[in-house]
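Visitor:
In full-length UniProt numbering, the protein residues as written are 1 to 685.
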């Protein structure tokens, strides 16, 4: 509701620190420049850097500065381009429908925005042009600047944590007062206890024993805390040792079936992948980025292009495309399609390179994901250890339902674990059997080879079996290579034949279409020229109509603002007339009550009678209060004398009580001495 929003804005602007002294009528009748000045004052109260008179700067500068401040405050303007243009125009012209929502938002979130403006002063980074940022000294300074920003973030975070952790001043004062009262009570109790203890014999030795007992108890509490801390450390070390043992176990299981050849092959594969990444993929990406940077720098260094330049470039693009199409048509009509056998290999090589690049990209993403997962795992482990350390090694107590669910999961996992363990044991046993069988067969093979070599030596043909085995391997490899070569040549010849056939078919299909396309292109060129001419005429007419429309809109807006001002003035005058009519009616009623002879009018109380009655009541109240004051003053001296007598009486009674206590203590001491002397006399007898 617009009225409610305006009421809230007026209420907030009338408070500290604005003190605008506005009402609904005066606020609604403000000029656009005054409304923008109020908006600027509110922004300046949040961020003092905006404290200025907007009449000293242009409208564009004011709009840019306010938009920048709203961006820092995270105010969301319309995202749609058309709506944003309307918002921009309304803000520049001081339109109420645009300024009022901004004012309401700023006034509602003023404390939060103050904090955000303070942080933005130090956290919003400075934009440095690229040609200046390339300087080594500027780059080092910018790195130091970013480090200071991070340091400021950490310090501010610590300050906020300290503020949130600290108690309010009122609570601290209450705690101090309570502690002082408690201290006084303890001092009085200690004094009373000392008085009682001093009358007993051996009081000094008993105090020393009590002090030693207290020190021993404090030492015991300290040792118990140390024991608890050590238990926490032991538990964290045990958990860490369990985790490391599990990692060692996993690594041993992973390396159980691996051999030296497998590890070397894996390392060779990884080396090839890394070599491809370093020598081919990364240089290609760097070159692409450099080309993009060079293109962007070239575009940035050139002057801004207008509509005429764009049209010129578009015409050049159309001419180049037409030439390319003509060359393609000539080539297809010539029918000179040469058999390029290397094109097939180039196509296969490009497919392989694309697959290789895709695999490298997938590998890079997988490695990044693995690194992120490892970092997250380390962070969670550190958080878990910190939580365990803070909680004194305690564990979370599960509820009954959670415990049942945990037990059910544990049973399921135990069953799966037992099954997997059984299978693993069977595989391990089978692996042991196969390994032993392989060793036995290798031993037998070695024995047979030794027998064959001995027989060859006796026959004088040493090395015949090795040579024959090598020849068989070579012949087998040659047979495989010849077979692969034949298959490859047959596939290549078949693919080339199919490609030639398809090319001829496409040529025959495209020939009539190309003949039909030529006159259509000529017609398209004519239509394009006609379209460009009509488009330029339309743009000229549209610009004239748009200019007239803007003028009419400005006139209509000025007339509407004038009408709104007159309506506001009319509402204000009407309200003042209503107030004057009410006051005039009140005066007429008062005069009628004085002048009228009608007894009914005389019965109605007039304002004069009401005020006289109130004055008389207040005078009576003042008279009674003065009488009470006099009575209190008269009774003050006797009352003070009586209070002094009572205090003397209390002191006298305290003295008597103390004397009685001393007499009782002396009597007890005399009885104790008499009993002691009597016992000594009995022992002597």
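From the three backbone atoms N, C-alpha and C, an ideal C-beta is built for every residue, glycine too.
Give a yes or no on whether 9 Å exceeds the smallest Cβ distance from residue 634 to chain D.
Guide: In the structure shown, chain D cannot be found, because there is only a single protein chain.
Visitor: By the 10 Å Cβ neighbour count, where 16 or more other Cβ atoms means buried, how is residue 73 classified, buried or exposed?
Guide: buried
Visitor: With DSSP as the reference, label residue 15 as helix, strand or coil.
Guide: coil
Visitor: Rounded to whole angstroms, how far is the Cβ of residue 42 from the Cβ of residue 106, which I believe are closer than 8 Å?
Guide: 5 Å
Visitor: Assign residue 128 to one of three DSSP states: helix, strand, or coil.
Guide: coil
Visitor: If you check the beta carbons only, do residue 40 and residue 66 fall under 9 Å apart?
Guide: yes
Visitor: Mapping DSSP to helix, strand and coil, what is residue 665?
Guide: Correct three-state label for residue 665: helix.
Visitor: Might you give, ordered along the chain, the residues of its own chain that have their beta carbon closer than 8 Å to the beta carbon of residue 207, omitting 5 neighbours on each side?
Guide: Within the same chain, residue 207 has close Cβ partners 197.
Visitor: Work out the CA separation of residue 498 and residue 510 for me, nearest whole Å.
Guide: Spanning the alpha carbons of residue 510 and residue 498 requires a straight line of approximately 18 Å.
Visitor: Determine the direct distance from the alpha carbon of residue 137 to that of residue 275, and round the result to whole angstroms.
Guide: Rounded to the nearest angstrom, the two C-alpha atoms are 35 Å apart.
Visitor: CA-CA distance, residue 618 and residue 9?
Guide: 42 Å
Visitor: Between residue 110 and the rest of its own chain, which residues show a CB-CB distance below 7 Å, the 5 nearest in sequence each way excluded?
Guide: Closer than 7 Å at Cβ, skipping near neighbours: 46.
Visitor: Does the beta-carbon of residue 99 have 16 or more other beta-carbons within 10 angstroms, so that it is buried, or is it exposed?
Guide: Around the beta carbon of residue 99, 16 or more other beta carbons sit within 10 angstroms, so the residue counts as buried.
Visitor: Got a sec? Which residues, its chain only, sit under 8 Å from residue 686 by beta carbon, not counting five neighbours each side?
Guide: Because the chain spans 1 through 685 in this model, residue 686 falls outside it and cannot be assessed.
Visitor: What residue does the alpha helix (DSSP H) around residue 278 start on, and which one ends it?
Guide: First-last for residue 278: undefined, no H or E at that position.
Visitor: Please give the ranges of any beta strand (DSSP E) in the segment 90-152, keeping only runs that are unbroken, at least 3 residues long and fully inside the region.
Guide: If only uninterrupted beta strand (DSSP E) runs of at least 3 residues are considered, none is enclosed by the segment 90-152.
Visitor: Quick one: grab the DSSP three-state call for residue 202.
Guide: Residue state, collapsed to three classes: coil.
Visitor: Is residue 76 helix, strand or coil when you go by DSSP?
Guide: coil
Visitor: Quick check on the burial criterion: 16 or more other C-beta atoms within 10 angstroms. Buried or exposed for residue 69?
Guide: That one is buried.
Visitor: Under 9 Å, do residue 121 and residue 49 count as touching if we go by C-beta distance?
Guide: Cβ atoms of residue 121 and residue 49: closer than 9 Å.
Visitor: Assign residue 246 to one of three DSSP states: helix, strand, or coil.
Guide: helix
Visitor: With residue 28 as the anchor, note down where its alpha helix (DSSP H) starts and where it stops.
Guide: 24-28
Visitor: Buried or exposed for residue 237, please, with buried defined as at least 16 other CB atoms from any protein chain shown within 10 angstroms of its CB.
Guide: Result: exposed.
Visitor: Between the segment 565-580 and the segment 28-36, are three or more C-beta pairs nearer than 8 Å?
Guide: Result yes; three or more Cβ-Cβ pairs closer than 8 Å.
Visitor: Helix, strand or coil: which one does DSSP assign to residue 233?
Guide: Looking at residue 233 - three-state DSSP - the assignment turns out to be helix.
Visitor: Let me check understanding here. Comparing Cα to Cα, which of 126, 153, 155 lies closest to residue 141?
Guide: When C-alpha distances from residue 141 are compared across 126, 153, 155, the shortest belongs to 126.
Visitor: Cα-Cα, which of 297, 538, 78 is closest to residue 129?
Guide: 297
Visitor: Please classify residue 660: does DSSP put it in a helix, a strand, or coil?
Guide: If DSSP states are grouped into helix, strand and coil, residue 660 belongs with the helices.
Visitor: Just mark residue 575 as buried or exposed, buried being the case when its beta carbon has 16 or more other beta carbons within 10 Å.
Guide: exposed
Visitor: Report the three-state DSSP secondary structure of residue 453 (helix, strand or coil).
Guide: helix
Visitor: Could you check how far apart the C-beta atoms of residue 6 and residue 14 are, in whole angstroms? I think they sit under 8 Å.
Guide: Actually they are not in contact, since the Cβ atoms of residue 6 and residue 14 sit about 13 Å apart, beyond 8 Å.
Visitor: Kindly indicate which three-state DSSP category residue 51 falls into: helix, strand or coil?
Guide: Residue 51: coil per DSSP, three-state reduction.
Visitor: Alpha carbon to alpha carbon, how far is residue 627 from residue 633?
Guide: 10 Å
Visitor: Output the distance between the C-alpha atoms of residue 75 and residue 94, rounded to the nearest integer angstrom.
Guide: 18 Å
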